[in-house]
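2 protein chains.
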Amino acid sequence: MSTSEPSDRYHHGDLRRALVETALELLIEGGTEALGMRELARRVGVSAAAPYRHFRDKQALIQAVAAAGFALFRETVDGAKEGVAAEDQLGAMAEAYVQFALRYPRLYRLMFSSELGRFEDKDLRRAADAAYESLAVAAAKADPDSPGEAAISAWAFVHGLSMLLLDEQLLGVSAANAEPLIRALTRRHAQRFGKPHPA
Amino acid sequence: MSTSEPSDRYHHGDLRRALVETALELLIEGGTEALGMRELARRVGVSAAAPYRHFRDKQALIQAVAAAGFALFRETVDGAKEGVAAEDQLGAMAEAYVQFALRYPRLYRLMFSSELGRFEDKDLRRAADAAYESLAVAAAKADPDSPGEAAISAWAFVHGLSMLLLDEQLLGVSAANAEPLIRALTRRHAQRFGKPHPA
DNA sequence: GGCAGCATGTTAACACTGTTCTCATCCAGA
DNA sequence: TCTGGATGAGAACAGTGTTAACATGCTGCC
């Protein structure tokens, strides 16, 4: 909010950061529809053309926002394993993953909605891969026999579950009262894939 | 393509259907960016205002497109279980599910991307639920002990896997050569959740 | 058969958007 | 101190979604 608002100088001082921060707020509140270049410039208190000194495109701006989202995301998921017994870490992280999606639904959607060309923007790609890694290593540790498949499976599961909850596709389960279900499902999944193959 | 193109009359004849069909093509080819009211009208050979006689909004048009997508989706997934042994049906459907997502990535994204207000449009909601059902009953059959959880788990898994493949988030796995992996993962998942609890 | 009414089309306009010019202002280093 | 480059403003352009007012064609009623 009030990181730095000098506001009446000709040069803003740190426009690029201000743009990304405000864009993030705009996105979180109003979704991708509410995130427009002009509206953004208005909020920051700057002319409509100014952002183009810092971002080639609207798309470039969006990529930066998504990258910021991935950083926050990574912190959250990674932090969830602190002080947790090794065998429960995967479950804890999975839970944190889904809860992040539920807390910032529109941001989460943007991060994975992409026609934001995740392939061309290196920063974005790195941020996304980093987030993937933190869950992948936990999954691999839990199922050393087939670490690759375990990672994919875990990631797919939490990602899919998050999307379903966001869409309220799960009959009778609203995002509000979903916590117990999340707990049960993520733990159950982690357990099944965690234990060595059951013969 | 050539269902009916009279083209030079003042009244089109069946504009609504033509709009949805063309919008679907437009979406499949160019993604949600390429799907604009004016461009759509142009393609159909009609004035820019004409679509508004049949759809209140751009959003309403998009909802109709998504509903059509869900219908096609459902046919595909449902059809995959024909002539397959009962115990393999869930796996076959899961495979068909992911392959649909890979064949029509932009359509699939739209169907689940929604800020298309899946809650307000009854037709769309029904179409989506119908698609959900067909996989859910197969999952429930495979794991009668906890049919609810099994359904959610299966759905989440295939949905998440689809999204990951679309994003090329899976390192080294491009959509092109993904088929063996899909086979292995879906079968493995179906099996694990299919067999009654181990231990 | 002729005619009213309604559904469906058109044209013109509005407000808004992303984007790009050109010009103004500030700041940093020679 | 002065100059050049980075960063801002302002005006303009093409394109968009949407609406209002008008035109056309089809259908059912006398």
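Same order as they appear, the protein sequences are chains A and B. Heads up, the working numbering is the position in the first sequence plus 5, with the first residue counted as 1. Heads up, the working numbering is the position in the second sequence plus 5, with the first residue counted as 1. Where a beta carbon is used, it is the ideal one built from N, C-alpha and C, also for glycine. The structure displayed is predicted, hence computed values, not measured ones.
Same chain, Cβ closer than 7 Å to Gly165/B, five either side skipped, listed in chain order: Start at 1 with the first residue of the second sequence, and residue 165/B comes out as number 160. Around Gly165/B: no qualifying Cβ.
Three-state secondary structure (DSSP) of Tyr102/B: Taking the second sequence and counting its residues from 1, one reaches residue 102/B at position 97. Tyr102/B falls in the helix class under three-state DSSP.
DSSP three-state assignment for Lys63/A, whether helix, strand or coil: Taking the first residue of the first sequence as position 1, residue 63/A is located at position 58. Residue state, collapsed to three classes: helix.
Simplified DSSP state of Lys86/B, which is helix, strand or coil: Here residue 86/B corresponds to residue number 81 of the second sequence, with the count starting at 1. Looking at Lys86/B - three-state DSSP - the assignment turns out to be coil, as it is neither helix nor strand.
Per-residue contacts from Gly41/A into chain B (C-beta, under 9 Å): In the first sequence, counting from the first residue as 1, residue 41/A sits at position 36. Going along chain B, no residue has its Cβ under 9 Å from Gly41/A, so there is no contact; the nearest lies around 15 Å.
Arg114/B, buried or exposed, once every other Cβ within 10 Å from all chains shown has been counted against 16: Residue numbering aside, residue 114/B sits at position 109 when the second sequence is read from its first letter. Per the 10 Å Cβ criterion, buried.
The region 134-144 of chain B / the region 96-106 of chain B touching (three or more Cβ pairs under 8 Å): yes
Three-pair Cβ contact test at 8 Å for the region 25-42 of chain A versus the region 57-67 of chain A: yes
Contacts that Ser118/A makes with chain B (C-beta to C-beta distance below 8 Å): One-based indexing of the first sequence puts residue 118/A at position 113. Chain B residues near Ser118/A: Arg114, Ser118.
As assigned by DSSP and simplified to three states, the class of Tyr137/B: Position 132 of the second sequence, counted from the first residue, corresponds to residue 137/B. Correct three-state label for Tyr137/B: helix.
Chain B contact for Met98/A (CB, 7 Å cutoff): Looking up residue 98/A in the first sequence gives position 93. No, Met98/A lies away from the interface with chain B (no Cβ there is under 7 Å from its Cβ).
Contact set for Val89/A: own chain, Cβ-Cβ below 6 Å, skip 5 residues either direction: To locate residue 89/A, count along the first sequence from 1; it is residue 84. Correct list, in chain order: Ala97.
Beta-carbon spacing of Leu170/B, Leu112/B below 7 Å: Working through the second sequence from its first residue, we reach residue 170/B at position 165. Working through the second sequence from its first residue, we reach residue 112/B at position 107. Contact flag unset, no.
Members of the region 145-165 of chain A near chain B, C-beta cut-off 8 Å: Glu154, Ile157, Ser158, Trp160, Ala161, Phe162, Val163, His164, Gly165
Residue range of the alpha helix (DSSP H) that includes Ala156/A: One-based indexing of the first sequence puts residue 156/A at position 151. Counting along the chain, the alpha helix (DSSP H) containing Ala156/A begins and ends at 152-171.
Cβ-based neighbour list, Asp128/A, same chain, cut-off 8 Å, excluding 5 preceding and 5 following: Taking the first residue of the first sequence as position 1, residue 128/A is located at position 123. Contacts found: Gln68, Ala69, Ala72.
Interface residues of chain A facing Leu169/B [CB-CB closer than 8 Å]: Sequence index remark: in the second sequence, residue 169/B carries index 164 (1-based). Ile157, Trp160, Ala161, His164, listed in chain order.
Cβ pair Glu161/B, Ala144/B closer than 7 Å: Taking the first residue of the second sequence as 1, we reach residue 161/B at position 156. Taking the first residue of the second sequence as 1, we reach residue 144/B at position 139. Before going on, a small fix: residue 161/B reads as Ala here, not Glu. Result no, Cβ atoms of Ala161/B and Ala144/B do not sit closer than 7 Å.
Terminal residues of the alpha helix (DSSP H) in which Gly35/B lies: The residue given as residue 35/B occupies position 30 in the second sequence. 20-35 is the extent of the alpha helix (DSSP H) around Gly35/B.
Short-range partners of chain B found in the region 34-65 of chain A, where Cβ spacing is below 9 Å: Gly36, Thr37, Glu38
Neighbour-count burial assignment, Pro149/A, 16 or more Cβ in a 10 Å radius: Here residue 149/A refers to the residue found at position 144 when the first sequence is read from its first residue. Exposed is the call here.
As assigned by DSSP and simplified to three states, the class of Pro149/B: The count along the second sequence starts at 1 and reaches residue 149/B at position 144. Note: Pro149/B maps to coil in three-state DSSP.
Contacts of Leu190/A in chain B (Cβ-Cβ under 7 Å): Here residue 190/A is taken as the residue at index 185 of the first sequence, counted from 1. Chain B residues near Leu190/A: Glu154, Ile157, Ser158.
Alpha-carbon spacing of Val49/A relative to Asp83/B, whole angstroms: Residue mapping note: residue 49/A aligns to position 44 of the first sequence, counting from 1. Residue mapping note: residue 83/B aligns to position 78 of the second sequence, counting from 1. Their Cα atoms are separated by approximately 51 Å.
Pick from Ala55/A, Ala65/A, Gly35/A that is closest to Leu125/A, judged by C-alpha positions: Numbered from 1 along the first sequence, position 120 holds the residue referred to as residue 125/A. The sequence shown places Glu at residue 125/A, not Leu. Looking at the Cα atoms, Ala65/A is the closest of the given residues.
Whole-angstrom distance between Arg47/B and Met168/A, CA atom to CA atom: One-based indexing of the first sequence puts residue 168/A at position 163. One-based indexing of the second sequence puts residue 47/B at position 42. If I take the Cα positions, the gap works out to 35 Å.
Unbroken alpha helix (DSSP H) run spanning Gln118/A, endpoints: The residue given as residue 118/A occupies position 113 in the first sequence. Here residue 118/A is Ser; the residue named in the question, Gln, does not match the sequence. 110-118 is the span of the alpha helix (DSSP H), which, as asked, contains Ser118/A.
N-terminal and C-terminal residue of the alpha helix (DSSP H) that Glu44/B is part of: Position 39 of the second sequence, counted from the start, is the residue given in the question as residue 44/B. Unbroken alpha helix (DSSP H) run through Glu44/B: 42-49.
Distance, Gln94/A Cα to Arg108/A Cα: Stepping through the first sequence from its first residue, residue 108/A is reached at position 103. Stepping through the first sequence from its first residue, residue 94/A is reached at position 89. Cα to Cα, the separation comes out at about 21 Å.
Local conformation of Ala183/A per DSSP, three classes: Taking the first sequence and counting its residues from 1, one reaches residue 183/A at position 178. Coil, per DSSP.
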